[in-house]
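Peer 1: In full-length UniProt numbering, the protein residues as written are 1 to 334.
Every residue gets a Cβ at the ideal spot worked out from N, C-alpha and C, and that includes glycine.
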Amino acid sequence: MTEQVEHFPALVAEEAGDTVRLGIQELRLQDLPAHEVTIRVAYSSVNYKDGLASIKEGRVVRAYPIVPGIDLAGTVTASDTPAVKPGTKVLVTGYELGVSQHGGYAAYARVPADWVIPLPDGLSLRDAMLLGTAGFTAALSVHRLQENGVRPEQGPILVTGASGGVGSVAMAILAKAGYQVVASTGKEAAHDVLRALGATEVVSREAVLTDGSKPLERQRWAGAVDTVGGRTLSSILRNLRYGGSVAACGLTGGPQLDATVFPFILRGVNLLGIDSVYAPRDVRLTLWERLAKPWKVTDRLARAMTVVDLDALPEVLASILRGEVTGRVVVRVA
Ligand code: NDP
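#1: Would you say the beta carbon of P47 comes nearer than 7 Å to a heavy atom of the ligand NDP?
#2: Go through its chain and collect everything with a Cβ distance to Q146's Cβ below 6 Å, but skip five positions before and after it.
#3: Taking the beta strand (DSSP E) that K89 falls in, what are its first and last residues?
#4: Rounded to the nearest angstrom, what separates P156 and W115 at their Cα positions?
#5: Please classify P118: does DSSP put it in a helix, a strand, or coil?
#6: For the ligand NDP, is there a heavy atom less than 7 Å away from the beta-carbon of K296?
#7: Sorted by chain position, which residues of the same chain lie with C-beta nearer than 6 Å to R267's C-beta, five sequence neighbours on each side aside?
#8: If you measure between the beta carbons of H102 and A113, is that distance less than 8 Å?
#9: Going by DSSP, name the residue or residues bridged to T306.
#10: Is residue 338 near the ligand NDP - that is, is its Cβ less than 7 Å away from at least one heavy atom of it?
#11: Helix or strand or just coil, what does DSSP make of G132?
#12: Express the C-alpha separation of A196 and P260 in angstroms, rounding to a whole number.
#13: Among P215, L313, S163 and G253, whose alpha-carbon lies nearest the alpha-carbon of A304?
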């Protein structure tokens with residue numbers, strides 16, 4: 001089956017000297033890569049990595065020009081494989097989308113069939129992108145904490161970068177699953193929103209830092225979802241309770257990690273690496289089902305949702321890089 005479309009709008013990022021220029025352009029279906037499944041995109045979302053794709057120093061894009069957008073939800077319009085039928089509602093996150101091939105900030109996308117996840121019952125296309133890559137990453141983080149034995153009765157779970165995308169979904173899932181959640185944020189103004197998202201306590205970014213002079217500090221956290229990295233992650237390792245785990249998924253505070261082996265060999269703590277980009281397909285299917293049912297938090301997340309059109313993206317991408325976004329930003333594409 002093929003689709004008859006003359007051209008369609010897309011946000012294109014192009015190199016302009018030392019910078020990247022963003023603008024809406026008209027593309028044709030033949031501008032998309034030659035893969036099996038063509039999707040009419042309904043929604044995409046804004047993740048920190050999309051911000052990085054919009055600047056040269058971000059180093060996530062292999063070659064410009066590119067349509068950014070590391071996730072999308074929409075309806076299949078054409079497919080070269082019986083495994084994915086036209087008319088099916090689907091979502092895609094990660095892989096090469098929006099970094100080395102055209103992504104979700106366009107009315108159409110074409111992807112390999114094995115990137116495509118059927119939209120689970122219980123989620124709308126908008127809900128899928130209200131969660132998006134951030135939501136899947138948050139679900140993966142909570143799943144890995146649980147796999148490593150972190151249970152609600154063991155004590156508080158710290159979520160850092162709590163007002164951001166991954167942080168806000170992680171808090172909402174943890175609260176729904178019965179955990180006590182401590183949110184750490186740099187945004188004074190976000191405290192009420194964070195409580196509404198599921199935080200039982202809200203603290204400043206500085207309140208979770210240790211001075212680094214001792215390899216082990218007070219046992220505070222039964223677990224943590226860390227989106228910040230750097231000094232924040234080093235501090236969490238020193239403050240984890242005996243047998244606790246931290247899911248390390250981000251680096252908004254920096255990529256360095258200053259650590260000793262003591263938390264690992266004296267407290268048996270776990271540093272869990274989280275990668276959503278190449279997460280195996282069976283894990284994706286399981287976690288998207290969970291996000292649609294026992295961990296369904298979209299009503300709660302919708303309280304801190306912003307919906308934008310393609311033309312608002314240059315400004316929104318700049319603000320996510322400045323750490324100014326609260327909650328999730330959904331992009332209405334069609
Ligand atoms: P957001 O920008 O939505 O959230 C990040 C939050 O981090 C901000 O809202 C802010 O929260 C905090 N923050 C920002 N700058 C700083 C800073 N300099 N120091 C300390 N805290 C800061 O981004 P996302 O939620 O989309 O992504 C979060 C991180 O997770 C990113 O590093 C991203 O690359 C990574 N990521 C990794 C994935 C993986 O597969 N491993 C997948 C998705 C994201 P506050 O103001 O509340 O403190």
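Peer 2: In this structure, then:
#1: Looking at the sequence shown, residue 47 is not Pro but Asn. Result yes, Cβ under 7 Å from the ligand NDP.
#2: Annotation for Q146: no residue places its beta carbon closer than 6 Å to its own, counting only its chain and skipping 5 residues before and after.
#3: K89 to T93
#4: 35 Å
#5: strand
#6: no
#7: Y242
#8: no
#9: V329
#10: Nothing in the structure corresponds to residue 338, since the chain is present only between 1 and 334.
#11: helix
#12: First, the residue type needs correcting, since residue 260 is Thr and not Pro in the sequence shown. Near 36 Å, if we compare the C-alpha coordinates of A196 and T260.
#13: S163
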